[in-house]
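Note sheet for the following structure.
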Amino acid sequence: MDRIRIRGGQRLNGEIPISGAKNAALPLMIASLLTDDTLTLRNMPRLADVNLLARILGNHGADMTVDGKRHGCNNVQGDTVHLTARTIVDTTAPYEFVSRMRASFWVLGPLLGRCHEARVSLPGGCAIGTRPVDLHISGLAALGADIDLEDGYVIATAPKGLIGARVSFPKVSVGATHNVLMAATLARGETVIENAAREPEVRDLADCLVKMGAKIEGAGTDTISIQGVERLHGATHRVLPDRIETGTYAMAVAMTGGDVELIGAQGDLLDAALDTLRQTGVTVDKTNRGLRVARNGSGIEPVDVSTSPFPGFPTDLQAQFMALMTMAKGRSEITENIFENRFMHVQELARLGANIQLDGDKAIVTGVDTLNGAQVMATDLRASVSLVIAGLAAEGETVINRVYHLDRGFERIERKLGDCGADISRLSE
Ligand code: EPZ
């Protein structure tokens, strides 16, 4: 199993290309199930999760071909994918797949919309919390689907097709919004989603669906209206830049000091995180090509953060920000409001010498002058990358185990950081 070795202490200077957003790419790929035409997606990140989802969609009958060159790579292909689900050959998403990638549960809405039936395994819990799917189920039931739970599977049918309805979510859910939005594009009549997720990835999915012929208004706000249509057609769409990757590298620069331009980054996708970073003493400026992030010799100011749905501070940057705060000039308080168990990185950061106390949904971080390299491992993607950030500033050698978590969501991380002066390498076994 691959590991990442970092020898800390180098400042980061240079350029980092920002990839297409994983959390937009996944629902966009799933949207290909809604049509028998080809959906072409550009600016696709090359990630383990994308490959796994391609296999899952292949099981339903979708073919994926890949072309295009990616920024900074001469020989590597993978920037553009074409997905064609000419015929849906199987409406079951088995446990073996859904248990490995929660987002694959989102095939439920499109399969119901197009085939009027779907059998999708429950995803189960995961390392960051229980993560139920009640909102997905109640949303699709509101559109007229009959839904049963049997042997760990959601069995949904709508023999006469889905019917538009008012879906009012009691809690904001990105995935439930994606699922109901996709299903509603092929329902009869109007669907209104209230308390919809406002995340940019929802807007990106809606933009693509509109190119495919869907009638959608309000995506990006908390009320989305969808007028169902009879069929969707093919389209070409460019995946928006990854705001979590952007924030992660910005925090890495804040941690090590230095000056890096994040090429292709879009600041308005992560205003809350960038404002917080500025308060820590980092400068963040818009450039013609993206964002420039810099910190000179002055130390890191402690800042309190509290995660919330977009446009608030994202839960997917909480671990990275905590890594930064471990070396701040004082005490900060980090509150996690989205997932109940998203502090698995705390004990690993402590192995590097961080001083963090947990109190329910709060972590109280008292900055230290130095971190020291150690062997660490993490149980999820964002937790893993928080250890990379800490390792970049730690004295000596940090070895991060279970790199497959990183490969799920960060494209060529060791090259992107290495090109900016980090001493980082992948140890393959
Ligand atoms: C998406 O997960 C992202 N995943 C997550 O990123 C992200 O952390 C999360 O949104 C929040 O922003 C992808 O886009 C692939 P939710 P999702 O439904 O859709 C509760 C990463 O690292 N809830 O918005 O699964 C849930 O338990 C990943 O890239 C219900 O109670 O998250 C949580 O507390 C991790 N019932 C809250 O809502 C439901 O039916 C928000 O979850 C659904 C969710």
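Residue numbers for the sequence shown follow our numbering, so the first one is 1 and each next one is one higher.
Backbone N, C-alpha and C define an ideal beta-carbon position, used for all residues, glycine too.
Predicted model, so just to flag it, every value in this text is computed and none were measured.
Q) So is Pro123 buried or exposed if we call it buried at 16+ other beta carbons inside 10 Å? A) buried
**Q.** Glu429: first and last residue of the uninterrupted beta strand (DSSP E) it sits in
**A.** That residue, Glu429, is in no beta strand (DSSP E); it is neither H nor E in DSSP.
Q. In three-state terms, what does DSSP make of Ser386?
A. helix
**Q.** Continuous alpha helix (DSSP H) stretch holding Leu352: start and end
**A.** No alpha helix (DSSP H) holds Leu352; DSSP gives it neither H nor E.
**Q.** Per-residue burial, Pro132 [other beta carbons within 10 Å of its own, 16 or more giving buried]
**A.** exposed
Q | Where the beta strand (DSSP E) through Gly409 begins and ends | A | Where Gly409 is concerned, there is no enclosing beta strand (DSSP E), although the alpha helix (DSSP H) it sits in stretches over 404-409.
Q) Taking just the CA atoms, how far does Val385 sit from Thr398? A) 13 angstroms
Q. Beta-carbon separation of Asp372 and Gly353 under 8 angstroms?
A. A quick correction: the sequence has Asn, not Asp, at residue 372. Contact: yes.
Q | N-terminal and C-terminal residue of the alpha helix (DSSP H) that Asp134 is part of | A | 134-142
Q: Could you work out which residue in Asp204, Ile356, Gly258 is closest to Val239 when comparing CA atoms only?
A: Asp204
**Q.** Residue from Gly267, Leu324, Thr287 with nearest C-alpha to Gly281
**A.** Leu324
Q.
Can you list, in chain order, the residues of its chain with a C-beta nearer than 6 angstroms to that of Thr92? Leave out the 5 residues immediately preceding and following it.
A. Arg119
Q) How many whole angstroms separate the CB atoms of Thr38 and Gly213, which I take to be in contact at a CB cut-off of 8 angstroms? A) Actually they are not in contact, since the Cβ atoms of Thr38 and Gly213 sit about 14 angstroms apart, beyond 8 angstroms.
Q.
With H, G and I counted as helix, E and B as strand and the rest as coil, what does DSSP make of Lys416?
A. helix
Q) With DSSP run on the structure shown, which of helix, strand or coil describes Ser32? A) helix
Q.
Using a Cβ-based criterion (distance less than 7 angstroms to any ligand heavy atom), does Pro314 qualify as near the ligand EPZ?
A. yes
Q. Can you tell which of Ser32, Lys22, Asn13, Arg55 has the C-alpha that lies nearest to the C-alpha of Asn43?
A. Lys22
Q.
Please report the distance separating the alpha-carbon of Glu395 from that of Thr370.
A. 7 angstroms
(Q) Give me, in chain order, the residues of the same chain whose beta-carbon lies closer than 6 angstroms to that of Thr84; leave out the 5 immediate sequence neighbours on both sides. (A) Thr38, Asp63
Q: Along the alpha helix (DSSP H) that carries Thr256, what are the first and last residues, could you check?
A: 243-256
Q: Would you check if there are 3 or more beta carbon pairs closer than 8 angstroms linking the region 338-352 to the region 213-230?
A: no
Q | When Glu201, Lys171, Gly113, Thr80 are compared against Ala184, the one with the closest alpha-carbon | A | Gly113
(Q) Excluding the 5 residues flanking Asn75 on each side, which residues of the same chain have their C-beta closer than 7 angstroms to its C-beta? (A) Annotation note: pLDDT 49 at Asn75 (below 50); position unreliable, coordinate value reported separately. Closer than 7 angstroms at Cβ, skipping near neighbours: no residue.
Q) Asp134: beta carbon under 7 angstroms from a heavy atom of the ligand EPZ? A) yes
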